[in-house]
Each structure stands twice: as structure tokens, then as C-alpha cells.
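K.L.:
Those sequence lines, one after another, are chains A and B. Quick note on the working numbering: the first sequence kicks off at 1 and runs consecutively. Quick note on the working numbering: the second sequence kicks off at 1001 and runs consecutively.
There are 2 protein chains.
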Amino acid sequence: STIAYPSFAEYEDACRVYQHALTFIAVEEVGHTQQMPDGDALWLAVPNNPTGTVQSRDTLDRLCRENPHTEVIVDTAYGELCPQCEPLTGLHEKQSNFISVHSLTKTFGIPGLRLGYVIARRDTIDALRALSVPWAVNALAQEAGSYVMQHYRDLLPDSNALCREAALFREQLRTVPHLTVYDSPCHFFLARLETKHTAAELKTFLINRYGLLIRDAANFRGLSPQHFRLSVQEPALNEALTDGLKEFTIHHSSLITHHS
Amino acid sequence: STIAYPSFAEYEDACRVYQHALTFIAVEEVGHTQQMPDGDALWLAVPNNPTGTVQSRDTLDRLCRENPHTEVIVDTAYGELCPQCEPLTGLHEKQSNFISVHSLTKTFGIPGLRLGYVIARRDTIDALRALSVPWAVNALAQEAGSYVMQHYRDLLPDSNALCREAALFREQLRTVPHLTVYDSPCHFFLARLETKHTAAELKTFLINRYGLLIRDAANFRGLSPQHFRLSVQEPALNEALTDGLKEFTIHHSSLITHHS
Chain A
1 STIAYPSFAE YEDACRVYQH ALTFIAVEEV GHTQQMPDGD ALWLAVPNNP TGTVQSRDTL
61 DRLCRENPHT EVIVDTAYGE LCPQCEPLTG LHEKQSNFIS VHSLTKTFGI PGLRLGYVIA
121 RRDTIDALRA LSVPWAVNAL AQEAGSYVMQ HYRDLLPDSN ALCREAALFR EQLRTVPHLT
181 VYDSPCHFFL ARLETKHTAA ELKTFLINRY GLLIRDAANF RGLSPQHFRL SVQEPALNEA
241 LTDGLKEFTI HHSSLITHHS
Chain B
1001 STIAYPSFAE YEDACRVYQH ALTFIAVEEV GHTQQMPDGD ALWLAVPNNP TGTVQSRDTL
1061 DRLCRENPHT EVIVDTAYGE LCPQCEPLTG LHEKQSNFIS VHSLTKTFGI PGLRLGYVIA
1121 RRDTIDALRA LSVPWAVNAL AQEAGSYVMQ HYRDLLPDSN ALCREAALFR EQLRTVPHLT
1181 VYDSPCHFFL ARLETKHTAA ELKTFLINRY GLLIRDAANF RGLSPQHFRL SVQEPALNEA
1241 LTDGLKEFTI HHSSLITHHS
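(1) Suppose you measure from the CA of A/R114 to the CA of B/W1135; what does that come to, to the nearest Å?
(2) Indicate whether A/F169 and A/A9 have their beta-carbon atoms separated by less than 8 Å.
(3) Name the chain B residues that come within less than 9 Å of A/W43, Cβ to Cβ?
(4) Answer yes if the segment 1203-1211 of chain B comes into contact with the segment 1158-1168 of chain B, meaning at least three C-beta pairs across the two stretches below 8 Å, and no otherwise.
(5) Please go through the same chain and pick out, in chain order, the residues whose beta-carbon is closer than 7 Å to the beta-carbon of A/A141, but skip the five residues on each side of it.
(6) Between B/A1077 and B/G1052, what straight-line distance do the alpha-carbon atoms span, to the nearest angstrom?
(7) If we define contact as Cβ-Cβ less than 8 Å, is B/P1261 a contact residue for chain A?
(8) If you follow the alpha helix (DSSP H) that A/T210 is part of, which residue opens it and which one closes it?
(9) Check each candidate in B/V1046, B/P1050, B/D1126 and name the one with the smallest Cα separation from B/Y1182.
(10) Please report whether the beta-carbon of B/V1118 lies at a distance below 8 Å from any beta-carbon of chain A.
(11) Give me the Cβ distance between B/A1218 and B/T1195, rounded to the nearest whole Å; I'm assuming they're in contact under 8 Å.
(12) Nearest-angstrom Cα distance between B/S1224 and A/V118?
(13) If you measure from the beta carbon of A/L128 to each beta carbon in chain B, is any gap under 8 Å?
(14) Indicate the three-state DSSP secondary structure (helix, strand or coil) for B/E1071 in the structure shown.
(15) Quick check: is the beta carbon of A/P134 nearer than 8 Å to any beta carbon in chain B?
(16) What separation, rounded to the nearest whole angstrom, lies between the Cα atoms of B/T963 and A/R122?
(17) By alpha-carbon positions, which one of B/S1007, B/I1003, B/I1025 ends up nearest to B/P1041?
(18) From the DSSP output, in three-state form, read off B/V1181 for me.
(19) Fully enclosed by the segment 1114-1198 of chain B, which beta strand (DSSP E) runs are 3 residues long or longer?
(20) Output needed for A/H178: all residues of its chain with C-beta closer than 6 Å, excluding positions within five of it in sequence on either side, in chain order.
(21) Determine the direct distance from the alpha carbon of B/W1043 to that of B/H1020, and round the result to whole angstroms.
(22) Which same chain residues end up closer than 6 Å to A/A120 when comparing Cβ atoms and leaving out the 5 residues on each side of it in sequence?
(23) Using the Cβ count rule (16 or more neighbours within 10 Å means buried), how would you classify A/P235?
(24) Can you give the Cα-Cα distance for B/Q1233 and A/S132, rounded to whole angstroms?
(25) Where does the unbroken alpha helix (DSSP H) through B/A1014 begin, and where does it stop?
(26) Are the CB atoms of A/C82 and A/V101 nearer to each other than 8 Å?
(27) Among residues of its own chain, excluding the 5 on either side of A/G145, which ones have a beta-carbon nearer than 7 Å to its beta-carbon?
(28) Within 8 Å of any Cβ in chain B, is that where the Cβ of A/H258 sits?
(29) With a threshold of 8 Å between beta carbons, is A/A218 in contact with chain B?
(30) Pick out the complete beta strand (DSSP E) segments inside the segment 1085-1116 of chain B, 3 residues or longer, and give them in chain order.
(31) Leaving out five residues on either side along the sequence, give the residues of the same chain with a beta carbon under 7 Å from the beta carbon of B/E1247.
(32) Taking the alpha helix (DSSP H) that B/R1065 belongs to, which residues open and close that run?
(33) Under the rule that 16 or more other beta-carbon atoms within 10 Å means buried, what is A/T70, buried or exposed?
(34) Verify the CB distance criterion: does A/V17 have a CB-CB separation below 8 Å to chain B?
(35) For the segment 1088-1118 of chain B, enumerate the residues whose C-beta is nearer than 7 Å to any C-beta of chain A, in chain order.
(36) Are there 16 or more other CB atoms within 10 angstroms of the CB of A/E261, so buried, or fewer, so exposed?
So this is what it looks like as C-alpha cells:
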């Protein structure tokens, strides 16, 4: 298996459980290399998490065509919330090695229900079915999922508004000293502390003082202990987080000055 | 792996997915053989489904002791509903190769939530945790499970009453011609049609004519297409099922006479 990084540690963990030999490729390289590393499967998130990197439909099409012996598995969990992501419908008919994994729980705000689905050619689905746990989805989640699928367009959040709000949030955050904020076409994005203090310390600080939770990104391959991921929230919460970050970075940069 | 049969096809299916070499042992033999077949794991349900066969705590203790290189995995899904089943608490401390699998969904009437747990020695649990899917149980099921565990004794059904009712149901059923009804210490039990017609045909007949659902047991290893499993219900439903069975067996035994 080849895994595009930085990405969730779960892809890597799952591949190790099934004793795959692992190769890694930087997510920015995916659309640009001539030839992917040899491997039975490529694991890729579009948009990528936590960077928000997007691959075009053309890039994915070409990847499948140029690597006919590789299953190209695209996790689209955040796709519906990202206006830059093109719909991938129909790519499955064109490229038989294209597999997309979809999540309802992020898009429709029902993370507790753990609901998703896979689109792939029939024999891949049959093979997955044989491997899947009986009753993997419980009855309440099935009911909710059926409701969501019947009211899909009505329930879909306004992703343009969400990403505009995220851009405003990033502008606010750029007033925080000792902090790098990365661009992203999604409602989530990466940030990095430019101090010796870690995202883990920041996380504890923000929970204790502000009751706010950030995603420490230290366990993402290719990122550092200073990296963390933020998602846009209501304006009041975005402002509280900006204040909390300022308090932390100012306080801790002075600590560094004291000690060094 | 060794599987005690007849039992759910899922044990066998899961072992095949992981490419286990399979051996089978009749569930009645389990307590009586000198030595189990060689194997890394023994899969056994107590009480067994669909036969209701119970192994004593002493038998399980001895099985673990006499087969130290075998993980003895006991599915206790129906244990709390069977008055003959002894509690297995503490056996894990005594025998490190004893693993019990528990279900909350049968006992507490919440099958839709797919909730259960495993008791085993710490390193087995750690190994299972590494293999388990992230968020295997959703938030609603977790809430329900936590409620059940806090009110365990209060919510537990009266298993003695349930099994007395099942015994009355079996007596009723013994008035049905061309039908064998097996004893069981549980609220469920096996039955067999003594006609050329199958349980699958009976199932369709009962759904269409009575709106009643039986469990066709043809896919249980060691059973025939004439076998099916019944569970005790409210008296009115038990009576309706008895009537339906009579109608079927009388009607179809006359058909057999006509044709043979």
C-alpha cells in the first residue's frame, strides 16, 4: 500500500494490521509524479485531512489510468463541505480501479452515528461484503442514514458560506503572534506554533482555560509536535479561540526568552 | 480453529475470512472427549444456539486446563436468559486461556443497537483493541449500554418465568402432527418437520398466512432443511404459531400422501 501523507494515522494502522508493505508519498506530489510507487493500493483523502489539499477529478482519472494495477482508494469524508472538490460520480464506470469512501457523519453533523458507504465496481463490493462484520451499522444509524439520503440536498450545509467564514477566521488568527496559519479550501486548516511549546501543551491550556478543544496533529506522519488543526465554528467561538491562542503564544514566547 | 456445532454460520464465516484451518466437534461431545482437536481456538456458545445445550462451569474450567494451548472462546449471548447457565465470573482469573463474549442486545431487548463486550486476560484485550475498528460502537449505543450497565439487575428479565413459558409452549407444540420438538433449558429450542417439506417453505407459509417469523435453521452445520428454531413469545402468539404449524403439517402431510 501507498499512503499519501500527512493524513490520519488510521490508514497506516489498518494497513499494518493486514501486514501491508507500506510506502509513503507527500500529498502535494500525488498529482505530479510520473509513476506512483508500486503497490496494490493507494490511500488518499480528497480533500486531504488535515491540510485541505484537493486533487482534481482529472488528476484522479489520470492516476487510475496510469496505475492500472493499483486500487485508487479515495476517502471523500469532507468532500461535500469543500466547494473546490469536484463530484466524482461516474469516475467509477470509467476507471474500474477507482474506489471512493463516503461519510455521512461529517457532512450532516451526525458523527456519533458512524455512518458511511463505499462506491466501487461490483466485484470489489462483493469482496468487501464477504469481509465485513455482520450488522456493522445499527438500526438507529440505519434509520438516520435512510432519512439523510432521502433529504440529501435539503440537509446539505452551505459549504461556500462555511469556507468564507473559515477564511475570515484565518485572517483573525494571523493577528496571533508566533503562529503560522496555513491556507485551505476547506472549513478546516492547519496551524503551527512557532515556539518551543507543543500543540499538546496548547491543547491542555485551551481546554482548562477556555473549554475549547483543538486537534493536536503531532500523530500525523510528516507533521511536527507544533502542528494542530482547527475547524471553523460560530463567530463567538472563533474569537474566543483567537484570544486563547494569543494568551498562550504571548505568555510562552516570553517564557522562552526568559530561559534562553 | 475448532467450532462446536450446530451453531451460527458466522463463527465459521469469520474463521474462513482469517484463513483458519477448521475442525468441527458436535456440541454434545464437548464435555466428554478426552482431548480436543489440536487448534489455536475453540469456538463454543453457552447456551448453544440453536440447541440450547449448556456446559457447566466445571466443564469449561476443565476444557481450559486440559487444552492449555487453545483459546477457549465462549459466546454467552443467551446466558443471562438461561437459568441453567452458571455465572462464569472469576474463571478468567483461574484460566488465562478462557475468553467470554457477552451481548447486551439479546438480554435487554435492544438487538438494533449491536452492543456487547469481551472479558479476557489483559494481553488478549490489548491484542483485540489493536485489531478493532475505530468507533465500532456508535454514540447512541454507548449511551444505551451505559444505562443498561447501571441498571443491570433491574432491567434483567425473569429468565425462570421465560423458560417455564417456553416449556408450556413446547407442550402445546407436541399436539402438532408430523413435528418433532426438542427440549431445551432456554427460551428458544429446535423443531423438525417430519415431512418432505422444508422449514423454508414453512417460513414462507407462516409469514404470508399468519405474519409470524420463524428461524429456518437449514444453514446451521449439522442440521437439515427440515430444522427450524422457535423462541417463546406472548401466549397469544404462541397459540397462533401452534395453529399455523398444525395447518401446515396437516395440509402438507396430505400432499405427501397424494404424491407418494
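C-beta: ideal position from N, C-alpha, C; glycine also.
P.N.:
The relevant details are as follows:
(1) Their backbone Cα atoms lie some 7 Å apart in a straight line.
(2) Not closer than 8 Å, so no.
(3) Those within 9 Å of A/W43 in chain B number zero; the least Cβ separation is about 15 Å.
(4) Between the segment 1158-1168 of chain B and the segment 1203-1211 of chain B, the count of C-beta pairs closer than 8 Å stays below three; the two stretches do not touch.
(5) Excluding five sequence positions before and after A/A141, the CB atoms of its chain that fall closer than 7 Å to its own CB belong to L113, R114, L115, given in chain order.
(6) Answer to the nearest angstrom: the Cα atoms are 12 Å apart.
(7) Outside the displayed range of chain B (1001 to 1260) lies residue 1261 of chain B, so it cannot be described from this structure.
(8) In the sequence as displayed, the identity of residue 210 of chain A is Tyr instead of Thr. First-last of the alpha helix (DSSP H) with A/Y210: 199-210.
(9) Closest option to B/Y1182, Cα to Cα, is B/P1050.
(10) Not an interface residue.
(11) Cβ-Cβ separation between B/A1218 and B/T1195: approximately 14 Å, too far for a contact (criterion under 8 Å).
(12) Cα to Cα, the separation comes out at about 37 Å.
(13) Not one chain B Cβ lies under 8 Å of A/L128.
(14) Note: B/E1071 maps to strand in three-state DSSP.
(15) Under the 8 Å criterion on CB atoms, A/P134 is classed as interfacial with respect to chain B.
(16) Within the shown structure, residues of chain B are numbered from 1001 to 1260, placing residue 963 of chain B beyond reach of any answer.
(17) Reading the sequence as shown, one finds Ala at residue 1041 of chain B and not Pro. Selected option, being the one with the closest Cα: B/I1003.
(18) Here B/V1181 carries a strand assignment [DSSP, helix/strand/coil].
(19) Listed in chain order, they are 1116-1119, 1179-1181, 1188-1193.
(20) Excluding sequence positions up to five before and after A/H178, its CB lies within less than 6 Å of the CB of E194, T195, T249, S253, all in the same chain and listed in chain order.
(21) Spanning the two alpha carbons is a distance of roughly 12 Å.
(22) Cβ within range, chain order: I99.
(23) Exposed: under 16 other Cβ atoms inside 10 Å.
(24) Those two C-alpha atoms are separated by around 32 Å.
(25) Where B/A1014 is concerned, the enclosing alpha helix (DSSP H) stretches over 1009-1017.
(26) For A/C82 and A/V101, no; Cβs fall outside 8 Å.
(27) If you ignore the 5 residues before and after A/G145, its C-beta comes within less than 7 Å of the C-beta of L104, L115, all in its own chain and listed in chain order.
(28) Any reading at A/H258 needs caution, since the residue's pLDDT is 45, under 50, leaving its predicted position unreliable; the model's value is listed next. No, no contact with chain B.
(29) For A/A218, the answer is no, since every Cβ of chain B falls outside 8 Å of its Cβ.
(30) Within the segment 1085-1116 of chain B, the complete beta strand (DSSP E) runs of at least 3 residues are 1098-1103.
(31) Cβ neighbours of B/E1247 beyond the five flanking positions: none.
(32) B/R1065: member of the alpha helix (DSSP H) spanning 1057-1066, first to last residue.
(33) Classification of A/T70: buried, given that the 10 Å Cβ count is 16 or more.
(34) At least one chain B Cβ lies under 8 Å of A/V17.
(35) Taking 7 Å as the upper bound on Cβ-Cβ separation, chain A lies near residues G1112, L1113, R1114 of the segment 1088-1118 of chain B.
(36) Since the first and last residues shown for chain A are 1 and 260, residue 261 of chain A lies out of range.
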